[in-house]
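For my numbering, add 1119 to where a residue sits in the first sequence, where the first one is 1.
Just so you know, even glycine gets a beta-carbon here, dropped at the ideal spot from N, CA and C.
None of these values were measured; they are calculated from a predicted model.
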Amino acid sequence: MLLVNTIRDQFDRVLAGLEKRNFPEAKSILTQVIALDDQRKASQTQRDQLQAESNSISKEIGQLMRLGKKEEAEIIKSKTTELKLQVKELEDKNATAEEELKALLYTIPNIPHFSVPAGKSAEDNEVVFEHGVIPDLGENKVPHWELIKSYDIIDFDLGVKIAGAGFPVYKGKGARLQRALINFFLDEALAAGFMEVQPPILVNEDSGFGTGQLPDKEGQMYHDAADNLYLIPTAEVPITNLYRDVILSEEDLPIKNVGYTPCFRREAGSWGAHVRGLNRLHQFDKVEIVQITHPDHSYRALEEMSSYVQGLLKKLELPYRVLRLCGGDMGFTSALTYDMEVYSAAQERWLEVSSVSNFETYQSNRLKLRFKDGDKKTQLAHTLNGSALALPRIVASILENNQSPDGIHMPKVLHSYLGFDKI
RNA sequence: AGAGGAGUGGCAGAGUGGUCGAAUGCGGCGGUCUUGAAAACCGUUGUACCGCAAGGUACCGGGGGUUCGAAUCCCUCCUCCUCUGCCA
């Protein structure tokens, strides 16, 4: 969430940013935030004053008691009754203001970076780079949902039987392809200086709030009510929360973590056309990279992460393009997001396989993720993350783009991981 | 899962109702001394909020309560340790 001080000090910039996102009633909400914060400050100052008075009376009573002057102590005791009532009242007022303030701040998305284009929907995203040649499959192109059937490598019906729609079962070479991709992605990330972590895939409420999935995306996550835990929609949640309530030292930065996890998304209400086969699932595998950086270096880190992900796509020999998301299409918590899309030659469409974002201090403010700078002052760090990569659509694209009469050829870089070169 | 014990500052560890934000030791930082280093000695060393500042307030696992006053008493939740049970 945004810092109230940012809203105060850079009101116009914040307002302009929210307008770029088409955030409604921005001005009135920002004004409300400041008013609530003023209220909060006023009631706290008052409370603190009265509490100070009450504290000093208590000390006095303590001294009188020690001297054995019980009667005098009794007399001034009565002075505190009124104070206590007032303090209680102000505390309630303060708590209410704080709650309202927080609730309001939760509704405000991050401020877009200046380079983010204005726009309402995915159509306004800006293509910043394209690479590779789109294969021409001619008349014989077969979509991946048919390929997986004819080669018997991914079984949706079996998944329905044991779990439900959107939970595929990978079999034989299909399963081995999953494992190969995961290992390939992890090895690449290790070579690029990321430290591997294996986090829990169930997280508590605090973690959900820390990275911003809660409160607004509650319905997107599977929830275990018995223990109040959430199945993670992405490894971003547990990995970034590793650093919740942490004060790092400047030398620790940048922190670079990578983790493989399954991801779970309810995708409530988002089924329809274009979601056949592997295009959208309730459970899928993803390798995620996370960075925690000094505020001065976060955009450099974002570019690094973007080229790192592009490097993976090049090694997999997939045609791809990079989009800079527009204000209207960007995630709630992000300041700047690049989406990487691969071309799926039988579906004849671009599929998002990675999303690389800089959250600046939006997450770290919620997470209380800070570092001590050179002047020994604590300040909020910047958090970033990106998929590197999400598997299903990569698989879809590999299958479709490399199909041929004699089978599906695997990208060279995977051969040693797979133990075969063709399906 | 049951029984018992315990959670205090970066770490170790004292403190069981009142000048306790918290002794002491270690570590860290600054300094004296030294050719340099070590040792010794002196000083300093948590976080957040309000305030221009002085200063004030809050925090001793989380939350709630008792009290004029809570690290200390009560309730509740969480976590860890030991024993018993169960189990990949």
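In the structure shown, Arg1440 falls within a strand segment according to DSSP collapsed to helix, strand and coil. CA-CA distance, Leu1305 to Asp1492, rounds to 31 Å.
Within its own chain, the residues whose Cβ lies closer than 6 Å to the Cβ of His1342, once the five positions on either side in sequence are excluded, are Tyr1349, listed in chain order. Three or more beta-carbon pairs separated by less than 8 Å are not found between the stretch 1123-1135 and the stretch 1160-1180, which leaves the two stretches without contact. In this structure, Phe1383 lies away from Ile1358, with their beta-carbon atoms at least 9 Å apart.
Among the bridge pairs identified by DSSP, Cys1445 is matched with none.
The alpha-carbon separation between Pro1287 and Gly1278 amounts to approximately 5 Å. Around the CB of Pro1318, 16 or more other CB atoms lie within 10 Å, so the residue is classed as buried.
For Gln1402, the uninterrupted beta strand (DSSP E) segment begins and ends at 1402-1412. Each residue's CA atom was taken as its position, placing Ile1273 and Glu1265 some 10 Å apart. The three-state secondary structure of Arg1395, taken from DSSP, is coil.
In this structure, DSSP gives Phe1248 an extended state, which the three-state scheme calls strand. In this structure, the beta-carbon distance from Glu1315 to Lys1434 does not fall below 9 Å.
The beta carbons of Leu1137 and Ile1227 sit closer together than 9 Å. Remark: fewer than three beta-carbon pairs, one from each stretch, lie closer than 8 Å, so the stretch 1517-1529 and the stretch 1415-1425 are not flagged as touching. Judged by beta-carbon spacing, Ser1516 lies beyond the 9 Å limit of Leu1442, meaning their Cβ atoms are not closer than that value. Met1120 and Asn1484 do touch by the CB rule: their CB atoms are close to 6 Å apart, below 8 Å.
In this structure, Asn1477 is the residue among Ser1326, Ala1500, Leu1397, Asn1477 with its C-alpha nearest to the C-alpha of His1232. For Ile1253, the closest of Tyr1379, Pro1143, Ala1465 by C-alpha to C-alpha distance is Ala1465. Counting only residues of its own chain and dropping the five nearest sequence neighbours on each side, Lys1212 has a CB closer than 6 Å to the CB of Ser1162. For Arg1185, the uninterrupted alpha helix (DSSP H) segment begins and ends at 1145-1185. Taken atom to atom, the span from the alpha-carbon of Ala1214 to that of Val1206 is near 12 Å. Excluding sequence positions up to five before and after Glu1479, its CB lies within less than 6 Å of the CB of Ala1454, His1501, all in the same chain and listed in chain order. With fewer than 16 other Cβ atoms from the protein chains shown falling within 10 Å of its own Cβ, Gln1168 counts as exposed.
Going by C-alpha positions, Val1123 is about 25 Å away from Asn1504.
Distance from the CA atom of Gly1283 to the CA atom of Val1461, rounded to whole angstroms, is 27 Å. With a beta-carbon spacing of about 16 Å, Leu1209 and Asp1156 fall beyond the 8 Å limit used to define contacts. Under the Cβ criterion (8 Å, minimum of three pairs), the stretch 1402-1409 counts as touching the stretch 1366-1378. Relative to Thr1150, the option among Glu1245, Ile1126, Arg1159, Leu1432 whose CA is nearest is Ile1126. In this structure, Val1475 and Val1428 form a Cβ contact; the two beta carbons are roughly 6 Å apart against a cut-off of 8 Å. Around the beta carbon of His1263, 16 or more other beta carbons sit within 10 angstroms, so the residue counts as buried.
Relative to Asp1271, the option among Gln1165, Ala1294, Thr1497 whose CA is nearest is Ala1294.
Within the stretch 1323-1379, the complete alpha helix (DSSP H) segments of 4 residues or longer fall at 1324-1330, 1355-1360, listed in chain order. Remark: C-beta atoms of Ser1473 and Ala1507 approach each other more closely than 9 Å.
By the Cβ neighbour-count rule, Leu1186 is exposed, with fewer than 16 other Cβ atoms within 10 Å of its own.
When DSSP states are grouped into helix, strand and coil, Val1279 belongs to the helix group.
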